[in-house]
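Colleague: Dropping a structure here in structure tokens format, bear with me for questions.
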Amino acid sequence: MNKVILLNKRPHGKPVLSDFKIINEEVPTAKDGEVLLKTLFVSVDPYLRGRMNDAKSYAPPFELNKPMQSGIIAEVIESKHGDFKKGDFVSGMLGWKEYQTSNGQYLQKVDGSDTKLSSYLGILGMTGLTAYLGLTEIGMPKKGETLVVSGAGGAVGTVVGQIGKILGCKVVGITGSDEKVALLKSTFKFDQAINYKTTTDIKEAVKSACPEGVDIYFDNVGGEISDAVLANINKYARLPVCGAISLYNETKVPLGPRLQPILLTKSATMRGFIIGDFSEKFPAALKQLTSWLKDDKITFSETIVEGFDHIPQAFLDLFEGKNQGKMIVKI
Ligand SMILES: NC(=O)c1ccc[n+]([C@@H]2O[C@H](COP(=O)([O-])OP(=O)(O)OC[C@H]3O[C@@H](n4cnc5c(N)ncnc54)[C@H](OP(=O)(O)O)[C@@H]3O)[C@@H](O)[C@H]2O)c1
110 MNKVILLNKR PHGKPVLSDF KIINEEVPTA KDGEVLLKTL FVSVDPYLRG
160 RMNDAKSYAP PFELNKPMQS GIIAEVIESK HGDFKKGDFV SGMLGWKEYQ
210 TSNGQYLQKV DGSDTKLSSY LGILGMTGLT AYLGLTEIGM PKKGETLVVS
260 GAGGAVGTVV GQIGKILGCK VVGITGSDEK VALLKSTFKF DQAINYKTTT
310 DIKEAVKSAC PEGVDIYFDN VGGEISDAVL ANINKYARLP VCGAISLYNE
360 TKVPLGPRLQ PILLTKSATM RGFIIGDFSE KFPAALKQLT SWLKDDKITF
410 SETIVEGFDH IPQAFLDLFE GKNQGKMIVK I
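Quick note: the sequence shown uses the working numbering, first residue 110, plus one each step.
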């Protein structure tokens, strides 16, 4: 049989396990022009929360009683498609299913001989591209500037900080545990890191970590953490708005400080960033990331959860900060 995970209910506020349903289906067979895929690794990502709402956004909502989807690495176990053979590994936006067929559209072959296959869901996938393009295209870092990254201990954040260091910035991370603070400074070479859960005054903590002010704020979380960073920005600061995880489960978005006077008086630029808008730059960005990885200039960490049935829980755990680096489910 073939296990499949459906969207069972649309969450109100924080998602819960009963918003998902696991069912059993027959394993499908590949028709002419199709491949049969076996799922190996599943990416769980904060943005999937938005797709569980019935609301228009940059990605269409998931349908009730239909399979959830995300970035997946799979093995071709049967091929009736000229471009793929049995044993190939592929990456694509696929359903939360143990087995599924595909006509090959949007599937990319991946090669696990030089790097872990799962890295195509992280540093060599959407995560790395988001970090690299969000920082370089909107953050536009210059040597000697101060870069602050929120969500710093997660998939995108750990990569942003390292790229900031490569490009000559002073890098300060904001994250949710002392363990992640230590990891940011040791493994990922951040200059400083702040635990937002134990710091009583984040605005003061940012001020003291950034005595020369903040030139770039790579925002993964929004909300009060971002309010505190915004109070410390320099003239001509750039603020790529990559994510707002602290607000994804809010039923009523809380009001923060009005941003216009801050942006105006600092001649600052705040810009929303959606990775799909930069697709023509993916090949060059991947080339750069691959080269840094090969030269040991950059590294990555993964939190691997095992077992198909645990995909929903791994997704929920993102909102509790249970991951370090990229959260991935190994099937
Ligand atoms: N715009 C785009 O194209 C794009 C693409 C990819 C990702 N994103 C966004 O980028 C952000 C990071 O994504 P990711 O895949 O790298 O996820 P991630 O950072 O690996 O995982 C989410 C992390 O968010 C933190 N978090 C959870 N609730 C929080 C809260 N209330 N306040 C502050 N931090 C909280 C947790 O770490 P702590 O322990 O630090 O709390 C958790 O580990 C997300 O907002 C995501 O939506 C955007």
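Every residue gets a Cβ at the ideal spot worked out from N, C-alpha and C, and that includes glycine.
1. Going straight from the alpha carbon of Asn-117 to that of Ser-400, what length do you get?
2. Excluding the 5 residues flanking Lys-279 on each side, which residues of the same chain have their C-beta closer than 6 Å to its C-beta?
3. Count Cβ pairs between the region 386-393 and the region 314-329 that sit closer than 8 Å; are there 3 or more?
4. Are there any heavy atoms of ligand 1 lying less than 8 Å away from the beta-carbon of Asp-154, as far as the coordinates show?
5. Where does Val-281 sit, in a helix, a strand or coil, going by DSSP?
6. Counting pairs of beta carbons, one from the region 402-409 and one from the region 260-275, are three or more of them closer than 8 Å?
7. Please look up how many angstroms separate the CB atoms of Asn-341 and Val-323, rounded, as I've assumed it's under 8 Å.
8. Which runs of the alpha helix (DSSP H) at least 4 residues long sit entirely within the region 214-302? Give them in chain order.
9. Consider the C-beta atom of Val-281 and the heavy atoms of ligand 1; say whether any pair is separated by less than 8 Å.
10. So, are the CB atoms of Thr-210 and Glu-143 less than 9 Å apart?
11. Quick one: is the Cβ of Glu-429 within less than 8 Å of any heavy atom of ligand 1?
12. Please name the residue or residues paired with Lys-147 in a DSSP beta bridge.
13. Using beta-carbon positions only, say whether Gly-174 and Pro-120 come within less than 9 Å of one another.
14. May I ask you to check if the CB of Cys-351 is nearer than 8 Å to at least one heavy atom of ligand 1?
15. Using 9 Å as the threshold, is the C-beta distance between Met-202 and Ser-228 below it?
16. Counting only the same chain and skipping the five closest in sequence on each side, list residues whose C-beta sits under 6 Å from that of Ala-377.
17. Rounded to whole angstroms, what's the CA-CA distance from Gly-332 to Glu-184? Just pull it up for me.
18. Taking its Cβ as the centre, do 16 or more other Cβ atoms sit within 10 Å of Arg-160, making it buried, or is it exposed?
Modeller: Taking the geometry as given:
1. Rounded to the nearest angstrom, the two C-alpha atoms are 42 Å apart.
2. Thr-255 and Asp-300
3. no
4. For Asp-154, the Cβ falls inside the 8 Å cut-off from some heavy atom of ligand 1.
5. strand
6. yes
7. 5 Å
8. Considered as a whole, the region 214-302 harbours 235-242, 264-275 and 287-295 as its complete alpha helix (DSSP H) runs of no fewer than 4 residues, in chain order.
9. no
10. yes
11. yes
12. Glu-184 and Tyr-208
13. Looking at the sequence provided, one finds Asn at residue 174 rather than Gly. Contact: no.
14. yes
15. No, the Cβ-Cβ distance between Met-202 and Ser-228 is not below 9 Å.
16. Ile-342 and Ala-346
17. 40 Å
18. By the neighbour-count criterion, in which 16 or more other beta carbons inside 10 Å mark a residue as buried, Arg-160 falls on the buried side.
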